[in-house]
Amino acid sequence: ARCPVPQVQNGRIVSPRTAYTHRDTVAFECEPGYVLRGHRVVQCQLNNTWEPAVPVCEQGKCSNLPPLSQTC
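Heads up, the sequence shown is in UniProt numbering, so the first residue is 1 and it goes up one at a time.
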């Protein structure tokens, strides 16, 4: 199994690689001012998909707070 390299707008993969195979995991983080919605870590499945679904980075309403603060 080979999963496509996941793309996250306004975010990035913590330790990017050029290829991912079954059971590989990917962790994401968002750019400053953006909040991760979904799961931070996903795993490559046998059917070439990521589970759980690849997260998204949404613009936060509290960009003046430290990055670890996820609530307003």
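Every residue, glycine too, gets a C-beta built ideally from N, C-alpha and C.
Predicted model only: the values in this text are computed from it and were never measured.
Close beta carbons around Asn48, own chain, < 8 Å, minus the five adjacent residues each side: Cβ within range, chain order: Ala1, Arg2, Cys3, Pro4.
Close-in-space but distant-in-sequence residues of the same chain around Val41 (CB under 6 Å, 5 per side omitted): For Val41, where only same-chain residues beyond five positions count, the Cβ hits under 6 Å are Thr25, Ala27.
Range of the contiguous beta strand (DSSP E) that encloses Gln59: If you look at Gln59, you'll find it in the beta strand (DSSP E) that goes 56–59.
Sequence-distant residues of the same chain with beta carbon closer than 7 Å to Gln59, five excluded per side: Taken in chain order, the residues that qualify are Gly33, Tyr34.
Runs of beta strand (DSSP E) wholly within the UniProt domain "Sushi" (1–59) (minimum 3 residues, chain order): Whole beta strand (DSSP E) segments, 3+ residues: 11–13, 25–30, 34–37, 41–44, 56–59.
Residues of its chain near His22, where Cβ-Cβ distance is below 6 Å and the 5 sequence neighbours each way are ignored: So the qualifying residues of the chain are Ala1, Cys44, Leu46.
CB of Leu36 within 8 Å of CB of Pro6, strictly: Judged by their CB atoms, Leu36 and Pro6 are not nearer to each other than the 8 Å cut-off.
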